[in-house]
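**Student:** Below: one structure in structure tokens.
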Amino acid sequence: MIPLALMRRIARLLIVTILFPLLSSPVLAGDGTCTKNSRVCIEGPETRMISGYPVTRDCWKYESKYDCISQ
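This is the structure in structure tokens:
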């Protein structure tokens, strides 16, 4: 059986590495009137400590540009 403390650490690591990138993605207009035309990395590669774990990413923050149709 896996100790509870280890299970909690694994859960935190999964949240940081999988859920955070998904939740931090930009949201498009609900009616679909916008399309993304570019995505540029504005915070490059580095290792950060998150909940006591080193997490390395190629890009920590993106800037997206959209073309939208106004109604």
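One gets the numbering used here by counting positions in the sequence shown from 1 and adding 487 to each. The C-beta atom is built at its ideal place from N, Cα and C for all residues, glycine as well. Nothing here was measured: the structure is a model prediction, and the numbers come from that model.
1. Please report the straight-line C-alpha distance between residue 542 and residue 504, rounded to a whole angstrom.
2. Quick one: what does DSSP say residue 543 is sitting in, helix, strand or coil?
3. Look at the alpha carbon of residue 553 and the alpha carbon of residue 488, and state the distance between them as a whole number of angstroms.
4. Output the boundary residues of the beta strand (DSSP E) element that contains residue 536.
5. In the DSSP assignment, find the alpha helix (DSSP H) that holds residue 502 and state where it starts and stops.
6. Give the DSSP-derived three-state secondary structure of residue 556 in the structure shown.
**Tutor:** Result, derived from the coordinates:
1. Taking the first residue of the sequence shown as 1, we reach residue 542 at position 55. Taking the first residue of the sequence shown as 1, we reach residue 504 at position 17. Each residue's alpha carbon lies about 8 Å from the other.
2. Here the question's residue 543 lines up with position 56 in the sequence shown. If DSSP states are grouped into helix, strand and coil, residue 543 belongs with the strands.
3. For the purposes of this step, residue 553 is taken as residue 66 along the sequence shown, with counting starting at 1. For the purposes of this step, residue 488 is taken as residue 1 along the sequence shown, with counting starting at 1. Cα to Cα, residue 553 sits roughly 49 Å from residue 488.
4. Taking the sequence shown and counting its residues from 1, one reaches residue 536 at position 49. Residues 533-537.
5. Against the sequence shown, residue 502 aligns to sequence position 15. Careful: residue 502 lies outside any alpha helix (DSSP H) and carries neither H nor E.
6. Against the sequence shown, residue 556 aligns to sequence position 69. DSSP places residue 556 in coil when its eight states are reduced to three.
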